[in-house]
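Following: one structure in structure tokens, then a few remarks.
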Amino acid sequence: METSSIAQEYYKLRDLWSAAEKNKSWKLAVWVAQYADVEIIDKFMQIEQSPVGEANDIFFRFETEYNGNREWFEEHLWNEFLTWFVPHPEKDKDLHRALWENNMISEAFVPDDMLPPNISSLFSELERLKMSITDQSEDFCFCLYFPLSAHSKENIAHWFQQVIETVPDNLRLVTMDLAEERRVELQGKKNGESLYYYLHPKLKMAEAIKNEMYKASDSYNTVDPDARFRKQVIVVMDSTTKKIQNRTDVEVKRLLNITDEIGTVSSKIAGLLVASQAYFAIQNTKKSEEYTDKALEESSKAMQEDDATGYPVWKSCMLLKAALLYGNKKTDAALVIYEELSEKASERQDVYYIMEANRLIAHIYYEKNNVQKAFENVLFSLSAGAYLDIRVRRQSTFLHAAFMALYLGGQIKTPAEVNEIKLQLADWLGDDWEILLAQAGVDSASLKMDQSVWKKQLSKLKN
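What follows is the structure in structure tokens.
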């Protein structure tokens with residue numbers, strides 16, 4: 109077995125960035141990442157944004173997604189910048205307070221919100237902020253990080269190309285691109301030196317994660333069936349990646365034999381769910397549905413017997429079943445499943461699943477061109493989600509339901525009624541709700557459930 113660890117892969121990134129930082133000529137650095145490496149690179153950038161970051165440069169992250177309209181994009185970048193200096197009730201999210209309390213700035217910084225909302229204003233205000241940093245003894249830059257947005261139809265490379273030569277000497281831009289689907293492949297020089305710097309990390313994240321999972325599974329214990337079950341789950345899911353001489357059938361049987369040996373209801377249902385996931389991964393939807401149905405049957409029995417493990421597993425099975433039905437274009441059958449899930453979640457006051465089930469119901473009614481029913485269900489989804497903590501609302505599919513309510517309301521309600529929805533969203537999400545929705549990248553194209561929607565539902569069940 110490979111000896112790679114997550115820590116080792118992280119240090120590889122740190123060394124690559126250290127080399128990039130020493131090169132003073134570039135204005136845009138691009139992480140060229142493999143699919144498996146996207147998350148750890150993004151986490152590396154997050155760490156560098158924090159006080160424990162080791163780079164000399166200071167990092168800032170922008171969440172606004174490029175939509176092809178330069179004026180709109182720069183206006184939203186500007187508005188996002190302004191929010192950094194609005195007092196936040198959560199200390200760790202208040203940038204200005206953190207800078208001030210850690211004596212990093214010599215005086216309180218107040219952005220000039222009368223400037224035009226464009227990139228020139230943003231760059232000039234960032235330069236002014238940089239000058240207020242207390243310690244100017246070392247040479248450093250502000251690095252503006254634009255995370256990967258693989259699902260976006262518009263290519264941010266066009267914007268980079270437009271602004272690259274206007275980036276001040278003490279500012280730099282950073283982004284990420286997928287090695288398998290390159291989009292940011294720019295060339296250009298200024299004063300004979302390249303404006304672009306490409307980082308090509310060679311990581312072994314799959315092996316590193318697998319090693320961590322084996323550690324968590326107590327790899328030295330070959331007798332305990334629970335330990336063997338955890339290891340076999342890894343083996344099963346690993347088998348799904350092999351296209352030649354695929355062993356998923358064999359490894360699933362071994363997993364289910366171990367669950368029989370353990371003999372508990374929860375282990376049996378968990379084994380069936382893993383089997384369903386494995387067959388879905390190798391595109392055998394017939395077997396995936398078969399194991400999902402078995403897991404549903406077992407979890408339903410557990411619910412009837414008031415077994416505490418019944419409902420949590422049952423609702424996961426229901427999401428999986430509905431997603432499989434939808435993927436096989438059995439929309440009406442999927443709708444029935446989501447409605448039953450909503451009913452049971454309501455009985456148990458499970459507000460998150462009430463929200464999610466009704467959001468998905470609304471999507472299906474929208475596809476059926478029943479805008480009124482879609483609107484009713486999305487309002488039900490929002491009403492349920494309103495009981496969640498505001499931090500959850502601001503980081504979940506509640507945002508998709510919010511956009512959907514506005515979009516559908518605009519079609520069937522009066523402007524006054526739509527305005528009532530906007531006021532309610534301000535109450536539920538905060539006064540910056542419009543910026544929040546823009547940053548989440550939700551738009552009218554996301555109202556129809558393409559393949560990615562139900563695949564996301566399936567991916568949630570892997571955790």
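With my numbering applied, the sequence shown closes on residue 571, and no number is skipped along the way. Using N, Cα and C, we set each Cβ at its ideal position, and we do this for glycine too.
According to DSSP, is residue i helix, strand or coil?
{"i": "TYR495", "result": "coil"}
{"i": "TRP139", "result": "strand"}
{"i": "GLU301", "result": "strand"}
{"i": "MET222", "result": "coil"}
{"i": "ASN571", "result": "For ASN571, the predicted model reports a pLDDT of 41, less than 50, meaning its position is unreliable and no value from the coordinates is stated."}
{"i": "VAL282", "result": "strand"}
{"i": "GLN116", "result": "helix"}
{"i": "ALA128", "result": "helix"}
{"i": "GLU293", "result": "coil"}
{"i": "PHE503", "result": "It should be pointed out that residue 503 corresponds to Gln in this sequence rather than to Phe. Coil at GLN503, not helix or strand."}
{"i": "VAL486", "result": "helix"}
{"i": "TYR328", "result": "Low local confidence applies: a pLDDT of 44 at TYR328 is under 50, so the model's placement there is unreliable, with the coordinate-based value given in what follows. Looking at TYR328 - three-state DSSP - the assignment turns out to be coil, as it is neither helix nor strand."}
{"i": "VAL344", "result": "helix"}
{"i": "PHE260", "result": "The question names Phe, but residue 260 in the sequence shown is Ser. Three-state DSSP puts SER260 in coil, outside helix and strand."}
{"i": "GLU413", "result": "coil"}
{"i": "VAL526", "result": "helix"}
{"i": "THR372", "result": "coil"}
{"i": "ASP539", "result": "coil"}
{"i": "VAL360", "result": "helix"}
{"i": "LYS521", "result": "coil"}
{"i": "ASP277", "result": "coil"}
{"i": "THR439", "result": "helix"}
{"i": "LYS481", "result": "helix"}
{"i": "ARG122", "result": "helix"}
Assuming residue i and residue j are in contact, meaning their beta carbons sit under 8 Å apart, how far apart are those beta carbons, in whole angstroms?
{"i": "ILE469", "j": "TYR446", "result": "5 Å"}
{"i": "TYR460", "j": "LEU496", "result": "6 Å"}
{"i": "TYR118", "j": "ILE148", "result": "7 Å"}
{"i": "ARG290", "j": "CYS251", "result": "That belief does not hold up - the Cβ atoms of ARG290 and CYS251 are roughly 22 Å apart, past 8 Å."}
{"i": "GLU235", "j": "PRO219", "result": "Incorrect: roughly 12 Å between the Cβ atoms, too far for contact."}
{"i": "VAL373", "j": "GLU406", "result": "7 Å"}
{"i": "ALA383", "j": "VAL360", "result": "5 Å"}
{"i": "ILE370", "j": "ASP334", "result": "7 Å"}
{"i": "PRO309", "j": "TRP139", "result": "7 Å"}
{"i": "ALA137", "j": "VAL282", "result": "5 Å"}
{"i": "ALA442", "j": "ALA453", "result": "At roughly 16 Å, the Cβ-Cβ gap does not stay under 8 Å, so ALA442 and ALA453 are not in contact."}
{"i": "ILE272", "j": "GLY300", "result": "With 8 Å as the limit, ILE272 and GLY300 do not qualify as a contact, their Cβ atoms being about 16 Å apart."}
{"i": "ALA356", "j": "THR348", "result": "Residue 356 is actually Thr in this sequence, not Ala. Sure, about 6 Å apart at Cβ, within 8 Å."}
Can you check DSSP and say which residues form a bridge with residue i?
{"i": "ILE241", "result": "ILE213"}
{"i": "CYS249", "result": "According to DSSP, which records beta bridges pairwise, CYS249 is partnered with nothing at all."}
{"i": "LEU514", "result": "DSSP output for LEU514 lists no bridge partner at all."}
{"i": "LEU307", "result": "TRP139"}
{"i": "PHE337", "result": "Beta-bridge pairing links PHE337 to no other residue."}
{"i": "PHE254", "result": "THR283"}
Three or more C-beta pairs closer than 8 Å, one from the stretch 218-228 and one from the stretch 176-187: is that the case here?
Enough Cβ pairs lie closer than 8 Å, so yes.
Does the contact criterion of 3 or more C-beta pairs under 8 Å hold for the stretch 297-313 versus the stretch 122-142?
With a cut-off of 8 Å, the stretch 122-142 and the stretch 297-313 count as touching, because enough Cβ pairs lie within range.
Of all the alpha helix (DSSP H) runs that stay within the bounds of the stretch 444-475, which reach a length of 4 or more residues?
If only uninterrupted alpha helix (DSSP H) runs of at least 4 residues are considered, those enclosed by the stretch 444-475 are 459-475.
What are the complete alpha helix (DSSP H) segments, minimum 4 residues, inside the stretch 132-195?
Counting only runs of 4 or more, we get 146-157, 178-191.
Quick check: the stretch 498-505 against the stretch 472-483, are at least 3 beta-carbon pairs closer than 8 Å?
With a cut-off of 8 Å, the stretch 498-505 and the stretch 472-483 do not count as touching, because too few Cβ pairs lie within range.
Does the pairing of the stretch 421-438 with the stretch 393-403 give three or more beta-carbon distances under 8 Å?
Yes, the stretch 421-438 touches the stretch 393-403.
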